[in-house]
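Trainee: Residue numbers (our numbering): -12 to 114. Yeah, the Cβ is synthetic: ideal placement off N, Cα and C, and Gly gets one too. Since the structure is predicted, the reported quantities are computational estimates derived from the model, not experimental observations.
(1) Return the chain-ordered list of same chain residues with a C-beta closer than 6 Å to the C-beta of residue 19, the five sequence neighbours on each side being excluded.
(2) Under 8 Å between the Cβ atoms of residue 70 and residue 50?
(3) Using the three-state DSSP reduction, which class does residue 38 fall into: helix, strand or coil?
(4) Have a look at 22, 21, 34, 24 and flag the residue whose alpha-carbon is nearest the alpha-carbon of residue 93.
(5) Could you tell me whether the Cβ atoms of residue 43 and residue 52 are closer together than 8 Å?
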């Protein structure tokens, strides 16, 4: 998969990512594909690692964040965002995803499978 495919995928899903009711999109700097992994970077000022939940269900990576409200002017629940990214089946090692939060920046690393791990051929024994 190319970086262009991912940018298009995120553009399609951009309506799912909101911060205080404002639409936010990943840009080319927020997502990068290397030969070994998919790298995501999301600015989350005011949120700590305890405020962010990352999960994968049916090959969909979901990143959610919710921080406490700082003042009465912020809507109930404070700062919130949610983003979903569909991961192509059998391309990534979803059980080895790593995430790091540092200085308000969330970095997510989704490792790719090696070619030899992508064997789609299943031999069935005939009895």
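Mentor: Concretely, from the data shown:
(1) 26
(2) Yes, these two residues count as a Cβ contact at 8 Å.
(3) helix
(4) 34
(5) no
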